[in-house]
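>
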Amino acid sequence: MTEQLSVTGLTAGYGGPPIIEDISLSVEPGEIAVVLGPNGAGKSTLLKTIFALTSVSAGTIRLGERELTECRTSALVPLGVSAVPQNRNVFPSMTVDENLDVGTYAAPPADQKATRERVLSLFPDLKGKLRQPAGELSGGQRQMVAMGRALMSEPKLVLLDEPTAGLSPAYLERIFDLLLDIRKTGITILMVEQNARQALQIADHGHILVNGRNHVSGTGEELLGDKDVRRLFLGGAAG
Amino acid sequence: MELTGLFFYVVSLLIMGGIYALLCLALNVQWGMGGLFNAGIAGFYGVGAYTSAILSTAASGRHLGGFSMPVPIGLVGAALVAGITGWAVARICVRLKSDYLAMASIGIAEILRLVFVNESWLTNGSLGVSRIPRPLSDFTTGRMSDVVFLGFVWVIVLLVYVATSRLYDSPWGRSLRAIRDNEASALAAGKNVEKYRIQTFVIGCAVMGVAGGLSAHYFRFLSPTATDPLLTTFLVWVMLMAGGSGNNRGAILGALTIWTLWSVTEIFTNRLPPEWATRSSFIRMLLVGLLLQFVLQRFRSGLLPEKSPPVRFRKD
Amino acid sequence: MSEFINFYLFPALTIGSIYALGAVGISMIFGILRFAHFAHGDLMTLGTYGILAAAALMPVNPLLLVPFGMALTVFAALFVDRYFYRPLRDLPTIYTVISSFGIALVFRSLIQLVWGSENQVLVAGVRPPLILFDTFRVSVLHLQAIVTTAVIAVLLHFFLTATKTGRSMRAVADDPELAEVSGLDTAKVVRWTWIIGAALAAVAGAFAALNTSAHPNLGWNLLLPMFAAAILGGIGKPMGAMAGGFIIGMAEELSSYHWIGDEALISPSYKTAVAFVIMISLLIFRPQGLFKGRLL
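Protein chains in written order, with the working numbering: chain A, 8 to 246; chain B, 164 to 479; chain C, 599 to 894.
Here it is, written out as structure tokens:
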């Protein structure tokens, strides 16, 4: 189970000049890691690159012993990596139940019923809405459907792109609590966030990108206490 | 004797080649500059043909007419009516994905064909409009009038070529290409994308109308078969693709090359035994269809590629 | 009343069935591969001639030979997708539209080359109509078309909602990028889209030819109403496309009924225009279709 995600010297972009350059970071199994940075720092591009949606010009991505750099997007789910994109994260015309079901197609779990029970116990809000089209749900509920779908394949690692973007403060808390619940089940989480303070409070490690490069890394507490980080991302106010 | 025969063959080849060149230049404005897929060229061509024919013929009891206007006025009328038809289609479809414009334009072409066939008071139905005058017909007689008509057609081709080339390099044309290559950033730069696209489509349709008018004056006769989508719409697309979309000279070269190939193969296939001669036209169609596939896959920039490279943009 | 039902309603439902079966494929291809498939009408014609060829060898009811038509259309669809559409997949989809426009011509000229361009009939002779409740006279063919389409609609609904492949198809139609991120097998989805679309096109072609006669322009002439049906039903919504097919078919046929006085409301020669007008009004007022399809 010691499957560490390690990214070394990663340079990637969309065919033009690279968006991220020489990025290195590692995520220990079972921890929550958060990637922070100003707009345009390449945070989402980093997640997309791990998910094989950009073109890599240098560096490697490994999960444990397994090299992921050359994998195609559709091959990653069976290897235990799931992703939740930022916008358009559900299949809107399909019901919540169908959305969850689609999550099992690429990597069917051994006991589908048990997995479904477990996922639904994480998101009790969804239980009453299983037959509703996902497109009719609120933003927060859609985020839960998307996370649920990603968990249905029993992944080792989940990538989340700004899971709280556009959510009300109440939902924001819920989502962060859920992430802690998911972590308890032993799943590794790597996410990009804008709400730096809350994210660092629940994260084991944080990585700050600036201009597509590594800037600072440290534990959540270290970064919360770092003067530079506070000035840049936490609005200067005391934490 | 052989030589004069050859001469007049070349004249007729170049007249039709010129009319196709106009259609290609028109399509190049729509597709090459504006990125708009018009699958109903035959419809706009037909509207132009009937407009010019009706305006310029003498009175006939069989269809609307008797205006006996000079041919140039007929052609202006053709441009106007075809342009307005194009405007109506573009108004509705231009803000949608280009596939919808393709469906709507093929639809309007189909409806127009129904009108040409069914509204006998207007078009004399499938019997067609005859005795359509040629321009400058007072000065020439017999086969020489073909030569004069050849000059007339190519003067118009030249005018349209100059006009569209200036359009291409004008600020208007640059905005248009910016929209074609990256709609999002053109929108962000404050361009009224919809307005530009409608203008493009209307200009193209008007020129197609003129081409239709010229064909009516050339054949002196017009029936609904002239609006056959295969021989107009389809062939024009192949011509522009092969010639080089985005390049006006490419459009003209493509028209001449493909039309020559099309006509010359007819000479050979006419010598085949009768049971094969009828099938040969299907073989030609088949080959043109496959030629389009080849051009799309391997030869997308055409004989004369667009000079200024299109603005590259990435998906994201 | 019985005149209306006998001479307008049943023929309208038959035409509607033909449009419905064709529009399913157009809608699915538009929803999943994101392009308007201009060769779909000619794919239908190909199916018709496949059945015609089998009928020349086996003198049985042509409806029993539909599988031969299906085999031909499915093969043709997979072939053109592999060799003509797939190489253009990375370009803007409009290139694939242009390509399909050319493929329509290729199909049609192949049909003319192999089978000639004359009208051919699948079944010679006239069969007496069935008489129901002493008043309704229904031709056997119309009944066959309507019942077959209804059965196909039920099966298709089951396939799309209850099977893994069907749900994957809906997922790709909803959001192709998310489907890829979810690890779905997009190539398989594309393959099934063609198989189902082409197979139903063959059924539509069979009924279209039985209803009138087989000729090389059979399917091309039906393309516009089928596009209209697909838009009406909402792109990417196969069941919507079926409903759209019936609505367009009814609208076309019933527009020539003498609703007011003794004259047909709209001259039958303008039937095609009805579909076009519906399509244009939809594009103006409700481009997502009646059933909230996606707007591409």
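Quick reminder that beta carbons are idealized off the backbone N, C-alpha and C, glycines included.
1. Compare the C-beta of C/Leu888 with all C-beta atoms of chain A and state if any pair is closer than 9 Å.
2. Near B/Leu238, what residues of its chain come up, given a Cβ to Cβ distance below 6 Å and the 5 sequence neighbours on each side ignored?
3. Out of A/Ile215, A/Val199 and A/Arg220, which has the shortest C-alpha to C-alpha gap to A/Pro92?
4. Closer than 8 Å by beta-carbon distance: list the chain B residues that pair up with C/Thr870, in chain order.
5. Run the CB neighbour count on C/Ile729, radius 10 Å, all protein chains shown included, and call it buried at 16 or more, exposed below.
6. Note down the Cα distance separating A/Leu179 from A/Ala114, rounded to an integer number of angstroms.
7. Determine the DSSP secondary structure at A/Glu105, reduced to helix, strand or coil.
8. Taking only beta-carbon atoms, is B/Gln456 less than 9 Å away from chain C?
9. At what residue ranges does the region 808-875 of chain C contain a whole run of the beta strand (DSSP E), taking only runs of 3 or more?
10. Please list, in chain order, all residues of the same chain as B/Ser175 whose beta carbon is under 8 Å from its beta carbon, the five residues on each side excluded.
11. Determine the DSSP secondary structure at B/Ile446, reduced to helix, strand or coil.
12. Within the 9 Å Cβ cut-off, does C/Gly831 reach chain A?
13. Along the chain, which unbroken stretches of the alpha helix (DSSP H) at least 4 residues long are found entirely within the region 600-685 of chain C?
14. If we define contact as Cβ-Cβ less than 9 Å, is A/Asn221 a contact residue for chain C?
15. At what residue ranges does the region 120-169 of chain A contain a whole run of the alpha helix (DSSP H), taking only runs of 4 or more?
16. What does the alpha-carbon distance come out to for the pair B/Ile366 and B/Ile274?
17. With H, G and I counted as helix, E and B as strand and the rest as coil, what does DSSP make of C/Arg884?
18. Could you tell me the boundaries of the alpha helix (DSSP H) in which B/Arg434 lies?
19. Assuming contact is defined by CB atoms lying nearer than 9 Å, are B/Cys256 and B/Gly417 in contact in what I supplied?
20. Is A/Asp29 helix, strand or coil when you go by DSSP?
21. Against C/Ala769, what residues of chain A qualify as contacts under a CB-to-CB distance less than 9 Å, listed in chain order?
22. Could you please give the first and the last residue of the uninterrupted beta strand (DSSP E) stretch that includes A/Ile215?
23. Mind checking C/Tyr647: buried by the 16 CB within 10 Å criterion, or exposed?
24. Within the 9 Å Cβ cut-off, does C/Leu711 reach chain B?
25. Could you please give me the residues that DSSP links to A/Ser62 through a beta bridge?
26. Let's test the definition: count the other Cβ atoms within 10 Å of the Cβ of C/Glu775 and tell me whether it reaches 16, buried, or not, exposed.
27. Take C/Ala812 and list the residues in its own chain whose beta-carbon comes closer than 6 Å to its own, dropping the five residues that flank it on each side.
28. Strictly by DSSP, which residues pair up with A/Ala90?
29. Under a Cβ-count criterion, where at least 16 other Cβ atoms within 10 Å of its own Cβ denotes burial, should B/Gly240 be classed as buried or exposed?
30. Leaving out the 5 sequence neighbours to the left and right, which residues in its chain are closer than 8 Å to C/Asn815 when beta-carbon positions are compared?
31. Leaving out five residues before and five after C/Ser698 in sequence, what residues of the same chain have Cβ atoms less than 6 Å from its Cβ?
32. By the DSSP assignment, the beta strand (DSSP E) with A/Arg220 in it spans what residues?
33. So with CB distances below 9 Å, who are the chain A contacts of C/Asp783?
34. Residues of chain C with a CB under 8 Å from the CB of A/Val126: which are they?
35. Which residues in chain A sit within 8 Å of C/Leu776, going by Cβ to Cβ distance?
36. Go ahead and pull the three-state DSSP assignment for A/Ser309.
Walking through what the data contain:
1. Position 290 of the third sequence holds residue 888 of chain C. Cβ-Cβ to chain A under 9 Å: no for C/Leu888.
2. The count along the second sequence starts at 1 and reaches residue 238 of chain B at position 75. Ser215, Val373 and Gly376, listed in sequence order.
3. Your numbering for residue 92 of chain A matches position 85 in the first sequence. Out of A/Ile215, A/Val199 and A/Arg220, A/Val199 has the C-alpha closest to the C-alpha of A/Pro92.
4. Position 272 of the third sequence, counted from the first residue, corresponds to residue 870 of chain C. Ordered by position in chain B, the residues that pass the 8 Å Cβ test against C/Thr870 are Glu273, Ile274 and Leu277.
5. As a position in the third sequence, residue 729 of chain C is number 131, starting the count at 1. Exposed, by the Cβ-count rule.
6. Taking the first sequence and counting its residues from 1, one reaches residue 179 of chain A at position 172. Taking the first sequence and counting its residues from 1, one reaches residue 114 of chain A at position 107. Near 30 Å, if we compare the C-alpha coordinates of A/Ala114 and A/Leu179.
7. In the first sequence, the residue the question calls residue 105 of chain A occupies position 98. Note: A/Glu105 maps to helix in three-state DSSP.
8. Position 293 of the second sequence, counting from 1, holds the residue named residue 456 of chain B. Cβ-Cβ to chain C under 9 Å: yes for B/Gln456.
9. none
10. Translated into positions along the second sequence, residue 175 of chain B becomes position 12. Once the five neighbours on either side are set aside, the close Cβ partners of B/Ser175 are Asp309.
11. As a position in the second sequence, residue 446 of chain B is number 283, starting the count at 1. If DSSP states are grouped into helix, strand and coil, B/Ile446 belongs with the helices.
12. For the purposes of this step, residue 831 of chain C is taken as residue 233 along the third sequence, with counting starting at 1. It does not: the Cβ of C/Gly831 has no partner Cβ on chain A nearer than 9 Å.
13. 608-631, 638-655 and 664-678
14. The residue given as residue 221 of chain A occupies position 214 in the first sequence. By this cut-off, A/Asn221 is not an interface position.
15. 146-158
16. Locating residue 366 of chain B in the second sequence gives position 203, counting from the first residue. Locating residue 274 of chain B in the second sequence gives position 111, counting from the first residue. Cα to Cα, B/Ile366 sits roughly 21 Å from B/Ile274.
17. What you label residue 884 of chain C is simply residue 286 of the third sequence in a count that begins at 1. In this structure, C/Arg884 counts as coil in the three-state DSSP scheme.
18. In the second sequence, counting from the first residue as 1, residue 434 of chain B sits at position 271. No alpha helix (DSSP H) contains B/Arg434, which DSSP labels as neither H nor E.
19. As a working mapping, residue 256 of chain B is identified with position 93 in the second sequence. As a working mapping, residue 417 of chain B is identified with position 254 in the second sequence. Against a cut-off of 9 Å, the Cβ pair of B/Gly417 and B/Cys256 comes out as no contact.
20. Taking the first residue of the first sequence as 1, we reach residue 29 of chain A at position 22. Note: A/Asp29 maps to strand in three-state DSSP.
21. Working through the third sequence from its first residue, we reach residue 769 of chain C at position 171. Residues of chain A passing the Cβ test: Phe98, Met101, Glu105, Asn106, Val109 and Tyr112.
22. Translated into positions along the first sequence, residue 215 of chain A becomes position 208. Element bounds for A/Ile215: His212 to Val217.
23. Taking the third sequence and counting its residues from 1, one reaches residue 647 of chain C at position 49. C/Tyr647 should be labelled buried.
24. Here residue 711 of chain C corresponds to residue number 113 of the third sequence, with the count starting at 1. So, interface residue.
25. Within the first sequence, residue 62 of chain A is the residue found at index 55, counting from 1. Its beta-bridge partners are A/Gly20.
26. Taking the third sequence and counting its residues from 1, the one referred to as residue 775 of chain C is at position 177. Counting Cβ neighbours within 10 Å, C/Glu775 comes out exposed, since fewer than 16 surround it.
27. Locating residue 812 of chain C in the third sequence gives position 214, counting from the first residue. Excluding residues within five positions, the ones whose Cβ falls inside 6 Å are Thr646, Leu650 and Gln718.
28. To locate residue 90 of chain A, count along the first sequence from 1; it is residue 83. Per DSSP, A/Leu166.
29. Counting from 1 along the second sequence, the entry for residue 240 of chain B is found at position 77. With 16 or more other Cβ atoms within 10 Å, it is buried.
30. In the third sequence, the residue the question calls residue 815 of chain C occupies position 217. The residues are Thr643 and Arg706.
31. Numbered from its first residue, the third sequence carries residue 698 of chain C at position 100. Once the five neighbours on either side are set aside, the close Cβ partners of C/Ser698 are His635, Phe636 and Ala637.
32. As a position in the first sequence, residue 220 of chain A is number 213, starting the count at 1. Note, A/Arg220: beta strand (DSSP E), Arg220 to Thr226.
33. Position 185 of the third sequence, counted from the first residue, corresponds to residue 783 of chain C. Result: Ser81, Tyr112 and Ala113.
34. By one-based count along the first sequence, residue 126 of chain A stands at place 119. The contacting residues do not exist; A/Val126 stays about 14 Å from chain C at best.
35. Looking up residue 776 of chain C in the third sequence gives position 178. Per Cβ cutoff of 8 Å: Pro92, Arg95, Asn96, Val97 and Phe98.
36. Limits of chain A in this structure are 8 at one end and 246 at the other, which puts residue 309 of chain A out of reach.
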